[in-house]
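Here the structure comes first, spelled out in structure tokens, and everything after it is commentary.
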Amino acid sequence: AVEAKSREPGFAGLRTAIRDGRDAASPLAEPLAHLVDVHIASLSDDTRGSLAALLEGLSNQDAARRLRITPSANSQRVNTNDLRTLVASIRALEQLP
């Protein structure tokens, strides 16, 4: 289903589908997953490294060291690509019923 949807105009970044028939399932889960997918799909591989470091809870200094860039360069990646907002969305998605 997600493969077919990703071929539709405006949905090229989709990678995840959530199907949950429970009464308690949140109707926000699938649209939020799609927003996360689209944002991640738009990131460069290097920026995905900064995202992974944020998700792992690394400090800016430790992330920069791992990625072999300066802390300033990592901060720029995080800020320019709104990675903190993306991490917050991923964390919110993890908490949905």
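Heads up: the sequence shown begins at 67 in our numbering, then just goes up one per residue.
No residue lacks a Cβ here, since even glycine has one placed at the ideal position from N, Cα and C.
Please report the residue range of the alpha helix (DSSP H) in which I135 lies.
For the purposes of this step, residue 135 is identified with residue 69 of the sequence shown, where counting begins at 1. I135 -> no alpha helix (DSSP H), and no H or E assigned at all.
Would you decide whether L117 is buried or exposed? Buried here means 16 or more other CB atoms lie within 10 Å of its CB.
Indexing the sequence shown from 1 puts residue 117 at position 51. By the 10 Å Cβ count, L117 comes out buried.
For a quick check, are the C-beta atoms of L120 and A158 less than 8 Å apart?
Translated into the one-based positions of the sequence shown, residue 120 becomes position 54. Translated into the one-based positions of the sequence shown, residue 158 becomes position 92. Contact flag unset, no.
Near T146, what residues of its chain come up, given a Cβ to Cβ distance below 8 Å and the 5 sequence neighbours on each side ignored?
Mapped onto the sequence shown, residue 146 falls at position 80. There are no such residues.
Is the Cβ-Cβ distance between A130 and A139 less than 8 Å?
On the sequence shown, position 64 is the one that residue 130 refers to. On the sequence shown, position 73 is the one that residue 139 refers to. Yes, the Cβ-Cβ distance between A130 and A139 is below 8 Å.
Can you tell me which of the three DSSP states R78 falls into?
Residue numbering aside, residue 78 sits at position 12 when the sequence shown is read from its first letter. Note that residue 78 is Ala in the sequence shown here, rather than Arg. The answer is coil: DSSP assigns A78 none of H, G, I, E or B.
Measure from the alpha carbon of E69 to the alpha carbon of each residue in Q161, L124, D103, then state which is nearest.
Numbered from 1 along the sequence shown, position 3 holds the residue referred to as residue 69. The option with the nearest alpha carbon to E69 is D103.
L94 to L152, Cα distance in whole Å?
As a working mapping, residue 94 is identified with position 28 in the sequence shown. As a working mapping, residue 152 is identified with position 86 in the sequence shown. Each residue's Cα considered, the two are about 16 Å apart.
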